[in-house]
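Chemist: Letter by letter, the sequence shown follows residues 0 to 386 of numbering that gives the first Met the number 0.
Glycine included, C-beta positions come from ideal geometry on N, C-alpha and C.
Given the structure is predicted, the values throughout are model-derived calculations rather than measurements.
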Amino acid sequence: MYYISLSLGELILKGKNRQSFVHKLRKDISRVLKDESIEEIYQEMGKIYIKTDKDQIQERVKKLKHLFGIVYISPCIRVDKDLDSMKKASVDFVEDYLKDHPSKTFKVESSRADKQFALKSPELNQLFGAAILQNIQGLSVDVHHPDFHLYCDVKKYVYFYIDKIKAYGGLPMGTNGRGLLLLSGGIDSPVAGFLMGKRGVQIDAVHFHSYPFTSPRGEEKVKELARILSTYTGRLTLYSINLLEIQKAINKNCPYDEMTILSRRFMMRIAQKICDDYSYDSMITGENLGQVASQTIHGLTVSQDAVHSLVFRPLIGMDKVDIIKISEEIGTYETSIQPFEDCCTVFLPKHPVLKPTVEQMEKSEGELDVEGLVNEAVKSMKVYHIS
Ligand code: ATP
Ligand code: MG
0 MYYISLSLGE LILKGKNRQS FVHKLRKDIS RVLKDESIEE IYQEMGKIYI KTDKDQIQER
60 VKKLKHLFGI VYISPCIRVD KDLDSMKKAS VDFVEDYLKD HPSKTFKVES SRADKQFALK
120 SPELNQLFGA AILQNIQGLS VDVHHPDFHL YCDVKKYVYF YIDKIKAYGG LPMGTNGRGL
180 LLLSGGIDSP VAGFLMGKRG VQIDAVHFHS YPFTSPRGEE KVKELARILS TYTGRLTLYS
240 INLLEIQKAI NKNCPYDEMT ILSRRFMMRI AQKICDDYSY DSMITGENLG QVASQTIHGL
300 TVSQDAVHSL VFRPLIGMDK VDIIKISEEI GTYETSIQPF EDCCTVFLPK HPVLKPTVEQ
360 MEKSEGELDV EGLVNEAVKS MKVYHIS
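Have a look at this one:
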């Protein structure tokens with residue numbers, strides 16, 4: 000019988016909370032496998048096992064790989080604790096593997112979690128090793144650098160597996176509260192959302208545009224980024240806000256070189272209002288120290304000053320190449336680099352103010368009806384449910 004095993008890693012260290020974390024992950028598993036009926040699923044010593052037809056394995060692994068809280072995934076076969084069945088299973092499993100993975104050397108690694116079992120791990124290794132050598136031509140044992148490992152876990156049942164497919168680890172969605180991601184069309188913010196999602200923060204997103212100055216296709220692009228994120232986070236809500244009236248007001252009443260930084264403070268305030276109105280515990284941005292003028296310590300200080308929520312900036316100390324690597328891996332990169340103008344490029348100052356201060360910002364904002372502008376923008380927001 001074929002199973003897919005999910006190794007839970009960090010989850011099993013969670014002490015008293017463990018069961019609620021595992022429960023959450025189980026719900027996520029039901030969600031991503033919803034199309035197929037799950038015939039049998041259970042937990043045994045740090046792993047979740049899902050009964051799976053052999054021809055379903057690839058498709059299911061692909062879906063399960065997107066769930067946070069899983070460290071690695073192994074397709075395996077399960078047999079009863081009977082030496083003959085175990086020997087036969089080890090040989091059959093390896094034979095099957097060799098069809099797609101021509102190999103010359105192997106090593107058996109048994110783990111006897113059930114200490115009552117008569118044979119110890121080294122004895123099991125020998126038993127299966129000998130059976131495989133006897134029955135399969137052209138293989139030899141290499142304990143240092145084998146082409147593949149055959150793992151055998153002896154628990155209530157016995158499991159054989161070879162592949163350990165790396166998943167993302169982290170904690171299941173929603174086990175660390177709710178976060179509102181400021182999602183632009185760029186490379187950084189989707190990665191920031193992914194990273195906080197991985198730590199268990201349930202993500203929704205807000206996007207700012209300047210329609211008709213920015214094209215509706217820019218918004219489509221952001222919806223597509225949200226859709227890709229939702230393959231990890233589950234269904235997410237995207238709030239879409241037109242910033243144009245605010246930008247016009249800033250343009251008319253405030254110093255030209257403060258456009259970017261003042262817009263940023265409005266974005267933060269609007270996000271704060273959505274957090275307050277819809278009970279988000281945190282905000283998330285893709286900000287990265289020093290990347291652009293608005294992300295210097297001064298820039299970050301004045302944008303932080305506009306809000307009271309906790310703001311996560313998971314990319315703050317990363318290098319761009321590493322951020323790009325993650326965006327390629329999670330599948331957002333190709334969409335992010337599509338060239339649509341961002342709302343920040345409307346009324347873009349040639350020389351943005353370099354060392355903005357809170358006092359200076361507050362003085363400029365004294366010319367504006369800040370609360371009224373924020374409320375108007377939120378009133379006309381569009382809400383999309385993305386999955
Ligand atoms: P990104 O690649 O995420 O667009 P960036 O390097 O272009 O980031 P900025 O444009 O300075 O940097 O934006 C910094 C952060 O502010 C973004 O990561 C995002 O969280 C938020 N942000 C910027 N523009 C928008 C927008 N139009 N809608 C929503 N959030 C935005
Ligand atoms: Mg951007």
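#1: Taking the C-alpha atoms as reference points, what is the distance between residue 216 and residue 335?
#2: Who are the near neighbours of residue 387 in its chain, counting only those whose CB is closer than 8 Å to its CB and skipping five residues on each side?
#3: Taking residue 346 as the reference, which of 271, 299 and 245 has the closest Cα?
#4: Out of curiosity, what's the CA-to-CA distance linking residue 121 and residue 109?
#5: If I measure Cβ to Cβ from residue 348 and keep anything under 8 Å in the same chain, skipping five residues before and after, which residues do I get?
#6: Compute the minimum distance between the beta carbon of residue 318 and the heavy atoms of ligand 1, and state whether it is under 7 Å.
#7: Can you have a look at residue 129 and say buried or exposed, based on whether 16 or more other CB atoms are within 10 angstroms of its CB?
#8: For ligand 1, I want to know if residue 266 counts as a neighbour, meaning its beta carbon is within less than 7 Å of at least one of the ligand's heavy atoms.
#9: Taking its Cβ as the centre, do 16 or more other Cβ atoms sit within 10 Å of residue 158, making it buried, or is it exposed?
#10: Once DSSP output is grouped into helix, strand and coil, what is the label at residue 187?
#11: Just to confirm my understanding: we take residue 271, look at its own chain, exclude 5 residues before and 5 after, and list those with CB closer than 8 Å. What are they?
#12: Does DSSP put residue 206 in a helix, a strand or coil?
#13: Who pairs with residue 148 in a beta bridge, going by DSSP?
#14: In terms of DSSP beta bridges, what is residue 75 paired with?
#15: Measuring CA to CA, which of 376, 85, 154 and 263 is closest to residue 241?
#16: Find the nearest neighbour of residue 172 within the set 192, 94 and 156, judged by alpha-carbon distance.
#17: Between residue 123 and residue 20, is the Cβ-Cβ spacing less than 8 Å?
#18: Between the region 151-168 and the region 67-81, are three or more C-beta pairs nearer than 8 Å?
#19: Would you tell me roughly how many angstroms separate the C-alpha atoms of residue 362 and residue 268, rounded to the nearest one?
#20: Given residue 79, which residues of its chain have a CB within under 8 Å of its CB, disregarding the five upstream and five downstream residues?
#21: Does the beta-carbon of residue 45, which I'm using as the reference point, lie nearer than 7 Å to any heavy atom of ligand 1?
#22: Does the pairing of the region 350-359 with the region 291-298 give three or more beta-carbon distances under 8 Å?
#23: So, is residue 190 buried or exposed, given that buried needs 16 or more other C-beta atoms within 10 angstroms?
#24: Give every residue of the same chain whose Cβ lies closer than 8 Å to the Cβ of residue 37, excluding the five residues on either side of it in the sequence, and list them in chain order.
#25: So residue 228 packs on residue 202, CB below 8 Å; how close in whole Å?
#26: Is residue 398 helix, strand or coil when you go by DSSP?
#27: Look up residue 282 in the DSSP assignment and give the residues it is bridged to.
#28: State the DSSP-derived secondary structure class of residue 374, mapped to helix, strand or coil.
#29: Looking only at its own chain, which residues have a Cβ that is under 7 Å from the Cβ of residue 194, when we skip the five neighbours before and after it?
#30: Quickly, what does DSSP pair residue 139 with across the bridge? List them, please.
#31: To the nearest angstrom, how far is it from the Cα of residue 65 to the Cα of residue 231?
#32: Looking at residue 179: is its Cβ nearer than 8 Å to the Cβ of residue 188?
#33: Between which residues of its own chain and residue 150 is the CB-CB distance below 6 Å, once the five residues before and five after are set aside?
#34: Label residue 293 either buried or exposed according to how many other C-beta atoms from any shown protein chain fall within 10 Å of its C-beta, with 16 as the threshold for buried.
#35: Would you tell me roughly how many angstroms separate the C-alpha atoms of residue 265 and residue 8, rounded to the nearest one?
Modeler: Based on what the coordinates show:
#1: 13 Å
#2: The structure shown does not extend to residue 387, since the chain spans only 0 to 386, so no value can be given for it.
#3: Among 271, 299 and 245, the Cα nearest to that of residue 346 is on 245.
#4: 7 Å
#5: Same-chain partners within the cutoff: 255, 256, 257, 258 and 259.
#6: no
#7: exposed
#8: yes
#9: buried
#10: helix
#11: 282, 305, 306, 307 and 308
#12: strand
#13: 106
#14: 2 and 160
#15: Selected option, being the one with the closest Cα: 376.
#16: Considering only 192, 94 and 156, the residue with the shortest C-alpha distance to residue 172 is 192.
#17: For residue 123 and residue 20, no; Cβs fall outside 8 Å.
#18: yes
#19: 17 Å
#20: 156 and 157
#21: Exclusion of residue 45 from the 7 Å shell around ligand 1 follows from its C-beta lying no nearer than that to any non-hydrogen atom of the ligand.
#22: yes
#23: By the 16-neighbour rule on beta-carbons within 10 angstroms, residue 190 is buried.
#24: 28, 29, 49 and 50
#25: 7 Å
#26: Because the chain spans 0 through 386 in this model, residue 398 falls outside it and cannot be assessed.
#27: 179 and 310
#28: helix
#29: 313
#30: 104
#31: Whole-angstrom Cα-Cα distance: 5 Å.
#32: no
#33: 108 and 160
#34: buried
#35: Each residue's alpha carbon lies about 41 Å from the other.
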